[in-house]
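Under the working numbering, the first residue of the sequence shown carries the number 209, and numbering increases by one thereafter.
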Amino acid sequence: MATAHVTCPLCEATCGLEVTFDGADVTSVRGDAEDVFSRGYICPKGASLGALHSDPDRLRAPLVKRNGSFTEVSWAEAFAEIDARLPAVAAEHGRDSVAVYVGNPAAHNLAVALYGRAFFKALGTKNFYTAGSVDQLPKHYSSGYLFGGGFTIPVPDLDRTGHLLMLGANPLVSNGSLMTAADVRGRLRAVRERGGKVVVVDPRRTRTAEAADEHHAIRPGTDALLLFALVHTLFAEDLVRLGRLTDHVNGVAEVRTLAEPFTPEAVAPVTGVAAAEIRRMARELAAAERAVVYGRIGTTTQTFGTLTSWLVDVLNVLTGNLDAEGGAMFPFAAAGQRSGSGARRPFAAGRWRTRVRGLPEVFGEVPVAALAEEIETPGEGQVRALVTIAGNPCLSTPNAGRLANALPQLEFMLSLDIYLNETTRHADVILPGPTPLERAHYDIALYQLAVRNVANWTPAALPSPMPQEWETLLRLTGIVTGQGPDADVAALDAFVAAEVARRCGLDVAVAGERTGPERIMDLMLRAGPYDLTLADLEAAPHGVDLGPLRPRIPEVLSTPSGRIELAPEAITADVPRLAKELGRSPNGRLVLIGRRQLRSNNSWMHNLEPLVRGKNLCTVQVHPDDAGRLGLHDGGQAKVTARTGTIEVEVEVTDEIRPGVVSIPHGWGHDVDGVRTTVAKAHPGANSNVLADELSVDALSGTAVLNGIPVEVAPA
209 MATAHVTCPL CEATCGLEVT FDGADVTSVR GDAEDVFSRG YICPKGASLG
259 ALHSDPDRLR APLVKRNGSF TEVSWAEAFA EIDARLPAVA AEHGRDSVAV
309 YVGNPAAHNL AVALYGRAFF KALGTKNFYT AGSVDQLPKH YSSGYLFGGG
359 FTIPVPDLDR TGHLLMLGAN PLVSNGSLMT AADVRGRLRA VRERGGKVVV
409 VDPRRTRTAE AADEHHAIRP GTDALLLFAL VHTLFAEDLV RLGRLTDHVN
459 GVAEVRTLAE PFTPEAVAPV TGVAAAEIRR MARELAAAER AVVYGRIGTT
509 TQTFGTLTSW LVDVLNVLTG NLDAEGGAMF PFAAAGQRSG SGARRPFAAG
559 RWRTRVRGLP EVFGEVPVAA LAEEIETPGE GQVRALVTIA GNPCLSTPNA
609 GRLANALPQL EFMLSLDIYL NETTRHADVI LPGPTPLERA HYDIALYQLA
659 VRNVANWTPA ALPSPMPQEW ETLLRLTGIV TGQGPDADVA ALDAFVAAEV
709 ARRCGLDVAV AGERTGPERI MDLMLRAGPY DLTLADLEAA PHGVDLGPLR
759 PRIPEVLSTP SGRIELAPEA ITADVPRLAK ELGRSPNGRL VLIGRRQLRS
809 NNSWMHNLEP LVRGKNLCTV QVHPDDAGRL GLHDGGQAKV TARTGTIEVE
859 VEVTDEIRPG VVSIPHGWGH DVDGVRTTVA KAHPGANSNV LADELSVDAL
909 SGTAVLNGIP VEVAPA
């Protein structure tokens, strides 16, 4: 028997796990009580790591499609097939004819974080898509213009706050999102135990709302109106207190003017939150010694996602809680994060736009809501080849049915994935990778969003029988740069490491004899703010605690002025569109929202039996009043119809959802042919993204609207 301490790579919480092995078999997974961040906390996803490792459906060799069927081939054959077909598409039709889609699991994959950049840059395409445009791009957009960097995102200082206002967030189920925090339930309990208050704004009475002091069941898609009314109240009642931010903020007067029409009385009929309640919320937020406003996926995947994301931080600034203990603070990661003060070019979105609809680039990517039309529409720049990396856009993108119908039109499709799933079934070549226990891990992106500064390195616990994904990415880089399928991986690795060393201002030789991710991580740690090396983390299997969040303004700012730009025109130009919502009463039509589940992370864990056992997880939640009016009953079947299609789903009648709203979880719909996911097919659910409209997006960022979708519901 052997034991390894690893960081869970299955969600944003980055919990420490203690994994026990008998040879290559996992015998137990439990929380690591000594982990410096999670202190033994574990959720069902982490506990399922052994099931993922041993899943018989997981691909263990490359697949190539021949005569419409997949055949296992050698790695050499697979790379030869890619070399024969992918570069030819780019050579004939141009670099933008090759698109890339990167899915959510890639954010938890060190190989993609370190080596994806080289491959994507070598492809040279502007058709780069990720799960971010069905998730979080509005926050990158607003943070970029407010603070100067798309990843300069403040997070709640949960461990020291005394008043937490959360909108569209359910961290007791999501384990945190754009807020890396293990054991959120324990952290929220601690807020209340020290005399603080937790307030949740959400159309559903979620698990987080159940654990809060106060819940406001807002109408979906109206969060920006509520936030503007809070801002209005702060100005009207002379409650604005910038504190130490006074000398670091531009645009306060402009925000005051913009907020004038959004009185509590004006927004109350639209939001469903009473004017008196709005005023009380604003007063309590302003009066709290340490307070923070936090918004998540419910706020970013709506019609006014960018305005909502912006207003969250406007409130944090106006109450003096930005960059203050217990407020919204900027983490300082041990690796991969640069300070401001001219370290970056000023943030700008819309540097290029999609060919068909003209949707904007944000943070280096374009909205996936445009992918199907870019494949379907003839003309110069038409997408003719697609590379997907750890993504399942046929389940996770708006009007998923349209995309599924578009993919067969491609001349070539390559997928890097461990499953033959709803998306990869359309590929010509599938390249699998090792399990999380067979590869090294470090959460580069997520530690930049952590509620406490920590660092934890996980070496591979087991040897891998297949190439590491970083080696696969480098071989693909060799192919698209004309070096062929047998490019010198060691030379390419040395080139990438030398480039990282150059950006870090280091001599690559300081990493010694290391190669691969270990060499790059050592360089990045050495260049970081804590005088750490990879050897330091290797000697600390439970992680290194680097302390609580600390004030970082002004050095974290990289706007052209070096100040917080509270009213950037790139954001405020959308305020008149929001103002048109005032006085617009609900039309009585039902609207659809999503919901998170503790045992699910998008679509990619539904083939693990421990996570899908028990009652059906994919239901449409309907309020009793609506169920009675529509003739629906608990446990029955309903047809849910939107502009884009119809699905059938089991009914769950519950007063957890506000009247006029229905909720279906995201990521299901495993009932298609041509997949090899036995467990998922036995628990198919229904694909709610058949109902999401690719034509409905946030005006500024192009992010898909997944909350507030007009639908009709009837008995099946």
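The C-beta atom is built at its ideal place from N, Cα and C for all residues, glycine as well. Given the structure is predicted, the values throughout are model-derived calculations rather than measurements.
Check: What distance in whole Å lies between the Cβ atoms of valine 704 and tyrosine 353, which are believed to be in contact at a cut-off of 8 Å?
Finding: With a Cβ gap of about 31 Å, tyrosine 353 and valine 704 do not count as contacting.
Note to self: Can you find the residues in the same chain that come closer than 6 Å, C-beta to C-beta, to arginine 464, ignoring five residues on each side of it along the sequence?
What the structure shows: Only Phe443 meet the Cβ criterion.
Next item on the list: Could you name the residues of the same chain whose beta carbon sits closer than 7 Å to that of proline 364, not counting the 5 residues immediately before and after it, in chain order?
Entry: Its chain contains Leu372, Met387, Val500, Tyr502, Ala536, Val659 as the residues whose beta carbon lies nearer than 7 Å to that of proline 364, once the 5 sequence neighbours on both sides are disregarded; these appear in chain order.
Next item on the list: Under 7 Å Cβ to Cβ from aspartate 265, same chain only, skipping five residues before and after it: list those, please.
Entry: For aspartate 265, where only same-chain residues beyond five positions count, the Cβ hits under 7 Å are Tyr627, Asn815, Arg884, Thr885, Thr886.
Next item on the list: Assess, as a yes-or-no matter, whether the segment 380-399 is touched by the segment 656-675 under the definition of 3 or more beta carbon pairs within less than 8 Å.
Entry: Touching, yes, given that three or more Cβ pairs across the two stretches are closer than 8 Å.
Margin query: Can you list, in chain order, the residues of its chain with a C-beta nearer than 6 Å to that of arginine 928? Leave out the 5 residues immediately preceding and following it.
Written below: The structure shown does not extend to residue 928, since the chain is modelled only from 209 through 924, so no value can be given for it.
Margin query: I'd like to check one pair, threonine 235 with threonine 666: are the Cβ atoms closer than 7 Å?
Written below: Against a cut-off of 7 Å, the Cβ pair of threonine 235 and threonine 666 comes out as no contact.
Check: Alpha carbon to alpha carbon, what distance is there between valine 520 and arginine 449?
Finding: Between arginine 449 and valine 520, the C-alpha separation is close to 16 Å.
Checklist line | Residues sharing a beta bridge with arginine 412, DSSP | finding: Answer is Ile865, bridged to arginine 412.
Next item on the list: Give a yes or no on whether the C-beta atoms belonging to leucine 530 and asparagine 524 are separated by under 7 Å.
Entry: In this structure, asparagine 524 lies closer than 7 Å to leucine 530 by Cβ.
Note to self: Could you tell me which whole beta strand (DSSP E) segments of length 3 or greater appear in the segment 263-313?
What the structure shows: Qualifying beta strand (DSSP E) stretches, in chain order: 271-274, 277-280, 306-310.
Notebook entry, point to check: Under a Cβ-count criterion, where at least 16 other Cβ atoms within 10 Å of its own Cβ denotes burial, should isoleucine 917 be classed as buried or exposed?
Noted result: Burial call: buried.
Next item on the list: State the Cα-Cα distance for the pair glutamate 817 and cysteine 251, rounded to the nearest angstrom.
Entry: Straight across, the Cα-Cα distance linking glutamate 817 with cysteine 251 is about 15 Å.
Note to self: Quick check: the Cα distance between alanine 551 and serine 766, rounded to an integer number of angstroms?
What the structure shows: Residue confidence for alanine 551 is low, a pLDDT of 49 falling below 50, so the modelled location carries little weight; the figure read from the coordinates is stated next. If you take the alpha carbons of alanine 551 and serine 766, they lie about 7 Å apart.
Next item on the list: Determine the closest residue to glycine 302 out of Glu289, Gly587, Thr279, with distance taken between C-alpha atoms.
Entry: If we check each option's Cα against that of glycine 302, Gly587 comes out closest.
Item checked: beta strand (DSSP E) segment containing threonine 849, residue limits -> For threonine 849, the uninterrupted beta strand (DSSP E) run begins and ends at 845-850, by DSSP.
Check: Any idea if arginine 797 is buried or exposed, counting beta-carbon neighbours within 10 angstroms, 16 or more meaning buried?
Finding: By the Cβ-count criterion, arginine 797 is exposed, with fewer than 16 other Cβ atoms from all chains shown falling within 10 Å of its own Cβ.
Notebook entry, point to check: With 16 as the cutoff for other CB atoms within 10 Å, does leucine 732 come out buried or exposed?
Noted result: Per the sequence shown, the amino acid found at residue 732 is methionine instead of leucine. Taking a 10 Å sphere around the C-beta of methionine 732, we find 16 or more other C-beta atoms and assign the residue as buried.
Notebook entry, point to check: To the nearest angstrom, how far is it from the Cα of glycine 459 to the Cα of leucine 742?
Noted result: Their backbone Cα atoms lie some 43 Å apart in a straight line.
Next item on the list: Measure how close the beta-carbons of alanine 494 and leucine 447 come, nearest whole angstrom, since I'm counting them as under 8 Å.
Entry: Beta-carbon to beta-carbon, alanine 494 and leucine 447 are separated by about 4 Å, close enough to satisfy the 8 Å threshold.
Check: For the alpha helix (DSSP H) that serine 604 lies in, which residues bound it at each end?
Finding: 601-604 is the span of the alpha helix (DSSP H), which, as asked, contains serine 604.
Notebook entry, point to check: Should proline 346 and serine 604 be called a contact, given that it needs their Cβ atoms to be closer than 7 Å?
Noted result: For proline 346 and serine 604, no; Cβs fall outside 7 Å.
Next item on the list: For asparagine 613, name the three-state secondary structure that DSSP assigns.
Entry: Of the three classes helix, strand and coil, the one that applies to asparagine 613 here is helix, per DSSP.
Checklist line | Minimum Cβ-Cβ distance from alanine 778 to chain D less than 7 Å | finding: This model lacks chain D altogether; it includes just one protein chain.
Check: What do you get for leucine 903, buried or exposed, if any count of 16 or more other CB atoms within 10 angstroms of its CB means buried?
Finding: Residue environment for leucine 903: exposed (fewer than 16 other C-beta atoms within 10 angstroms of its C-beta).
Next item on the list: Would you give the residue range spanned by the beta strand (DSSP E) that proline 784 belongs to?
Entry: Element bounds for proline 784: not the beta strand (DSSP E) but the alpha helix (DSSP H), 783-787.
Item checked: Environment of glycine 340 [buried if 16+ CB atoms lie within 10 Å] -> Around the beta carbon of glycine 340, 16 or more other beta carbons lie within 10 angstroms, which makes this residue buried.
Notebook entry, point to check: Should cysteine 602 and alanine 612 be called a contact, given that it needs their Cβ atoms to be closer than 7 Å?
Noted result: Yes. Within cutoff.
Checklist line | Beta-bridge pairing of methionine 209 - partner residues as DSSP gives them | finding: The partner list for methionine 209 (beta bridge, DSSP) is empty, contrary to what the question assumes.
Check: For the alpha helix (DSSP H) that glycine 836 lies in, which residues bound it at each end?
Finding: That run of the alpha helix (DSSP H) goes 832-838.
Notebook entry, point to check: Excluding five sequence neighbours on each side, which residues of the same chain lie with their C-beta closer than 6 Å to the C-beta of glycine 910?
Noted result: Only Leu567, Pro568, Pro575 meet the Cβ criterion.
Check: Near serine 549, which residues of its chain fall below 6 Å by C-beta distance, leaving aside the five closest residues on each side in sequence?
Finding: A caution first: serine 549 carries a pLDDT of 43, below 50, which makes its placement in the model unreliable, though a value can still be read off. Taken in chain order, the residues that qualify are Glu763.
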